[in-house]
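Numbering (my numbering), first residue to last: 11 to 135.
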């Protein structure tokens, strides 16, 4: 995660009171999640990590959605996020409209999802 990307994530969090951070299990995604939590400095209701492949991702999806934060923040790989996002949409009250993702997920076509690029610019589906 670039410094510009991290600053852009913080801008997108705006006036949120609390967040939930979700990461893939890989080293880079987890490290980015830790950087986000540290930079945020506010209340992180939960941090949830999921594997690249899983039978259903249901347990992780429920833990991710249950705290009902102002904003969900995701740092993950496209493969792991694809499965997790499908499970979240099918089985929880999670909303892509309240979710910010890092640059690794820029190509995710999920309607309502917002994200940042490595250069610090933002995008929205």
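Ideal placement from N, C-alpha and C gives every residue a C-beta, glycine not left out. Fair warning: this is a prediction, and the values are worked out from it, not measured in the lab.
Selection from the options that minimises the alpha carbon distance to residue i
i           : options             : result
residue 81  : 22, 97 and 130      : 22
residue 164 : 121, 135, 35 and 89 : In the structure displayed, the chain extends from 11 to 135; residue 164 sits before or after that span and is not available.
residue 92  : 118, 135 and 57     : 118
Outcome for residue i when other beta-carbon atoms lying within 10 angstroms are tallied against a minimum of 16
i          : result
residue 15 : buried
residue 42 : buried
Close-in-space but distant-in-sequence residues of the same chain around residue i (CB under 6 Å, 5 per side omitted)
i          : result
residue 59 : 33 and 35
Residues that residue i bridges to, as DSSP identifies them
i           : result
residue 56  : 30
residue 43  : Per DSSP, none; premise fails for residue 43.
residue 134 : 124
Beta-carbon contacts of residue i that lie in its chain and below 8 Å, excluding the five residues immediately before and after
i           : result
residue 127 : 15, 18, 113, 116 and 133
residue 54  : 28, 29, 30, 31 and 47
Residue ranges of each beta strand (DSSP E) run of no fewer than 3 residues wholly in the region 54-127, ordered along the chain? 81-85, 109-111 and 124-126
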